[in-house]
Structures are given as C-alpha cells and as structure tokens.
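Undergrad:
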Amino acid sequence: MLLTNATLASMDSQRADTAYGLIAQGAVALDGADIAWVGPKDQVPEAWRNGPVKDLEGRLVTPALIDCHTHLVHGGNRAREFELRLQGASYEEIARAGGGIVSTVAATRLADEDALLAAALTRLDALIAEGAGLVEVKSGYGLDLESELKMLRVARALERARPVRLRTSFLGAHAVPPEYRGRPDAYLDDVCLPALEAAHDQGLVDAVDGFCEGIAFTPQQIARVFDKARELGLPVKLHAEQLSNLGGAVLAAGYGALSADHLEYADEVAAEAMAKAGSVAVVLPGAFYTLRETQLPPIQTFRERGVAMALASDCNPGSSPLTSLLLTMNMACTLFRMTPEEALAGVTRNAARALGVTDCGMIRSGLRADLAIWDVEHPAELAYRIAFNPLHQRLFGGAS
Ligand code: DI6
Ligand code: FE
C-alpha cells in the first residue's frame, strides 16, 4: 500500500538538515506492519506504483504519538484535593497530611482489576484518539505486593484490549505507604524489592522507576532499588528534581538511565551527567501547570548540552489529570518556550528513546508503520492549537 500526496514530518534524525525532517509532496510505502520506503512522491520506486494507493490530499503525516510517562492505571480521582489546593493548601502539605499519592493508593487497593481496566481504558482511548500508538504505564499506587502486581497486570491487559503498544515501569518506590510511615527502608526491604522481583518473574516489568524527593525516597534509597534493577537486567528511569534538587538525575545517569523525568530543579551538573549517559530529559508541563510551579526546567541548558528532550502527559490523578499529548505539546511551547519542532520530537522520536524502543518514533523505512494523519498543513499547527484535535486517521502497524 502506498500513501501519497502528503506532507511528511518524518522526525527522522537522519534528515535533520530540514526542520521536522520534512518531505513536502511525500509518499510512504507500507509493507504489512512496516514502513518499506519514504521519500518524494515523484520518486516512488516502480514496485509500489501499481499496488493500492491512498491519496492523502496534502494532509500532514507524522509518526504516531508516544506518551512515555503516565500513571494511567489508578483508582478514584482527586478532585477534592484540587479544591483544597485552590483554598491554599500546597501539594506537599496535602501529601504530608496523608492525602496525595497515599489517597490514590487506598482507592487503587480497593478497586478490582475490571474496574481499574475500565477506568484506564477511558484515559487510554483519549490518547489513542489523538494518534498515540505507544504508551508507558507505571505501577506505584499499590505499594503492597499484590496491588503492585494487580496494577501491572491491568497495564498488560490494556494492550490486549486496544490496538496500541504499552510499556510498563515498576514504580514501587513512589511513596511510603501508611503502614510503613517513617520506615522507608523497611518498606523497601519487605515490600518494594520483593515485589519488583515477583513482577519481573511474571514478565510484567519493562523498566524500573522511582520518585526521588523529600516527600518520597532519598537518592540512597533509590540506589537500592536501582541495584536490584541492575541485578535483574532491567533499565531504569527516575522522577527527579520535581520539587527540589536532591541529585536524582545524576544518580539515574550513573545507572545509565533511559530518562530522568520532571527536572524543574535540575542544574548544569545534572544536564552534563545526563548528556554523558545518553539519558533523555522527560519534561512534564501538565504537572508544572497543575501545581502552578514557577521553577522552569533548564531547557536551554539541555539544548546546549545536547540532552534529548521528550514530553509526556504524566497522566495521574494528583498532579497532572491530563490525557492529551496535543495539549502537552502546546503547554511545553507556551510554558517552557520549547519550539513546536522540539515538542513534536518530544512525543515521537525522543519519547521512543526514553522508553528504549527503537522500532518507532520516526517515519523511516524498516520501522513500524505507526503513523498519524492530520487535517493540518504544517506540523507547527499541532502544538499551536489549544484543545482541538485535527487527527484524520491513525495507522497502527499499517492498519487503521
Ligand atoms: N510525580 C508525579 O507527578 C506523580 N508521581 C510522582 O512521583 C504524581 C503522583 C500523585 O500525585 O498521585
Ligand atoms: Fe509521574
């Protein structure tokens, strides 16, 4: 099948000489689930010219979008906490008073798998409706062995329920549950590390994540989790420098992390370490916006040091109840002064890298035919519009 008469924002790192890796008047040949050829439509090889052809009438084609940081599976919501914050309580105050993450833990423990799946599907469907083809999902609202496994099983079930790929991250080191209050190391020994091993044994874990923060775990405690990940041969990533600078990004880079995420309080030292390790900086403007954060992530420093930047929804019930990658792109431009091209790279090529996935995120021959076809003329329109979804069609492994 040949898709022709399209503007291709290939986002291909090998076409970096043009913005967006743009091919005006382009065509893409599909061979089953894969991309077989990409280029100008007047140079389509003979073999593809006589097969089925789809005229895209000048529409824009991008790689399917990728949400590389979500907490899509969770019980309940935190609208009440939203009200409390509007009355002046801070995110950290609510967390320390036993609300916050811990209140979602209570709701998630109570919910059965069917209920968690049904709720997560509504959020997943919103992402797919905007062209997502790959979504990461974290555990971390169970915080006991059975509930962490339950969350990860639901994450795997999402992939069977919809035409989309899922990657899971084990986030047992997300918060200290109430029954271990004040005893974080005991929680790691008794629950988190054994749960990681069990989840890995059951094939439920693609990567290991943690929350390195004053209201969560210290770098020393995160290092214990990362040592276990290393022992199991699993890649790591980290929620780092969201509310303060504890050196989490440097720690993560030392473990060759796929990514460090949030990063509002990251500094030059963090950027340097991440550049050296090849760790992606995942910025999360939905959380920045929701918490009315004023400390901006060091975008210019990441650019100067050559740290690849990705964007994600951070979809979670507390700090980012967001299920739109298009709005995430708009926020990254308006709030973080990223360019529309950086925003698109952040939800395609660099998001794939942040997940360690190498077969998608660009329109290039040999990669999966995960594509988004848009009713817009120029790729900058994707980040420019607010709360408008111009998706014409999504192709997942070549199929609509
Ligand atoms: N940082 C976040 O943005 C989410 N988790 C984390 O470590 C928020 C979690 C929550 O508030 O429920
Ligand atoms: Fe998060």
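Counting from 66, one number per residue, gives the positions in the sequence shown under the numbering used here.
Glycine residues also receive a C-beta, built at the ideal position from the N, C-alpha and C atoms.
How long is the line joining the alpha carbons of E369 and A331, rounded to whole angstroms?
TA: About 14 Å.
Undergrad: The beta strand (DSSP E) spanning H327 covers which residue range?
TA: H327 -> beta strand (DSSP E) spans 324-327.
Undergrad: What did DSSP end up calling M374 once you bin it into helix, strand or coil?
TA: Three-state DSSP puts M374 in a strand.
Undergrad: Per the DSSP calculation, Q365 is bridged to which residue(s)?
TA: According to DSSP, Q365 bridges with nothing at all.
Undergrad: Quick one: Cα of D440 to Cα of G411, how far?
TA: Roughly 21 Å separates the two Cα atoms.
Undergrad: For the alpha helix (DSSP H) that K119 lies in, which residues bound it at each end?
TA: Counting along the chain, K119 falls outside any alpha helix (DSSP H), though it belongs to the beta strand (DSSP E) covering 118-120.
Undergrad: Using the Cβ count rule (16 or more neighbours within 10 Å means buried), how would you classify G97?
TA: Label assigned to G97: exposed.
Undergrad: What is the rounded straight-line gap between the Cα of D21 and the Cα of A417?
TA: Past the boundaries of the shown model lies residue 21; the chain is included only from 66 to 465, so the question cannot be answered.
Undergrad: In the DSSP assignment, the alpha helix (DSSP H) including I88 goes from what residue to what residue?
TA: Note, I88: premise wrong, no alpha helix (DSSP H); beta strand (DSSP E) at 87-96.
Undergrad: Could you give the DSSP three-state label for T72: helix, strand or coil?
TA: Note: T72 maps to strand in three-state DSSP.
Undergrad: Along the alpha helix (DSSP H) that carries D266, what are the first and last residues, could you check?
TA: Looking at the DSSP string, the run of the alpha helix (DSSP H) that includes D266 is 258-266.
Undergrad: Would you be able to state if there are at least three C-beta pairs under 8 Å between the segment 238-249 and the segment 214-225?
TA: Output reads no: the segment 238-249 does not touch the segment 214-225.
Undergrad: If you follow the alpha helix (DSSP H) that C398 is part of, which residue opens it and which one closes it?
TA: It spans 390-401 - the alpha helix (DSSP H) in which C398 sits, taken as one unbroken run.
Undergrad: The alpha helix (DSSP H) spanning I166 covers which residue range?
TA: Segment 166-175, the alpha helix (DSSP H) holding I166.
Undergrad: May I ask which residues mark the beginning and end of the alpha helix (DSSP H) holding R232?
TA: Note, R232: premise wrong, no alpha helix (DSSP H); beta strand (DSSP E) at 230-238.
Undergrad: Report the rounded CA-to-CA distance for Y156 versus T283, giving the unit in angstroms.
TA: Roughly 19 Å between the two C-alpha positions.
Undergrad: Determine, using beta carbons only, whether R145 and I438 come nearer to each other than 7 Å.
TA: Taking 7 Å as the Cβ cut-off, R145 and I438 do not qualify as a contacting pair.
Undergrad: Whole angstroms is fine: what's the gap from D107's alpha carbon to H443's?
TA: Distance between the alpha carbons of D107 and H443 is about 20 Å.
Undergrad: Given 6 Å as the limit, tell me if A154 has its C-beta closer than that to any heavy atom belonging to the ligand DI6.
TA: No, Cβ of A154 sits at least 6 Å from all heavy atoms of the ligand DI6.
Undergrad: Is P242 helix, strand or coil by DSSP?
TA: Coil.
Undergrad: For the ligand FE, any of its heavy atoms closer than 6 Å to the Cβ of D379?
TA: Yes, since a heavy atom of the ligand FE falls inside the 6 Å radius drawn around the Cβ of D379.
Undergrad: Considering only residues of the same chain and omitting the five flanking positions on each side of A197, which have a CB-CB separation below 6 Å?
TA: If we look at A197 and ignore the five residues flanking it on each side, its Cβ neighbours are L130, D132.
Undergrad: Alpha carbon to alpha carbon, how far is F147 from R357?
TA: C-alpha separation (whole angstroms): 12 Å.
Undergrad: Can the beta-carbon of Y206 be found closer than 7 Å to that of H139?
TA: Closer than 7 Å, so yes.
Undergrad: Distance, Cα to Cα, L297 vs R414?
TA: In a straight line, the C-alpha of L297 is about 27 Å away from that of R414.
Undergrad: Beta carbon of K215, beta carbon of H136: below 7 Å?
TA: Their beta carbons are not under 7 Å apart, which means K215 does not touch H136 by this criterion.
Undergrad: Which full runs of the alpha helix (DSSP H) of 4+ residues lie inside the segment 264-310, going along the chain?
TA: For the segment 264-310, whole alpha helix (DSSP H) runs of length 4 or above, ordered along the chain, are 284-297.
Undergrad: Quick one: what's got a C-beta closer than 7 Å to R230's C-beta in the same chain, skipping five residues either side?
TA: So the list reads G198, L199, E224, once near-sequence residues are dropped.
Undergrad: What is the rounded straight-line gap between the Cα of L392 and the Cα of I451?
TA: When rounded, the distance between both Cα atoms is 6 Å.
Undergrad: Could you tell me the alpha carbon to alpha carbon distance between A305 and H327, rounded to whole angstroms?
TA: Those two C-alpha atoms are separated by around 6 Å.
Undergrad: Okay, do the segment 84-103 and the segment 360-377 touch, 3+ Cβ pairs below 8 Å being the bar?
TA: No, because fewer than three Cβ pairs between the segment 84-103 and the segment 360-377 fall closer than 8 Å, the two stretches do not touch.
Undergrad: In chain order, what residues of the same chain have a beta carbon less than 7 Å from the beta carbon of G462, not counting five sequence neighbours either side?
TA: Here the set comprises A98, R433, A434, D435.
Undergrad: Assuming G165 contacts G383 (C-beta within less than 8 Å), just tell me the rounded distance between them.
TA: Yes, G165 and G383 are in contact; Cβ-Cβ is about 6 Å, under 8 Å.
Undergrad: Please go through the segment 129-165 and give each complete beta strand (DSSP E) segment of 3 or more residues, from N-terminal end onward.
TA: DSSP runs (the beta strand (DSSP E)) wholly in the segment 129-165: 130-132.
Undergrad: Give me the residue from S75, L460, A194, E201 with the minimum Cα distance to L269.
TA: Among S75, L460, A194, E201, the Cα nearest to that of L269 is on E201.
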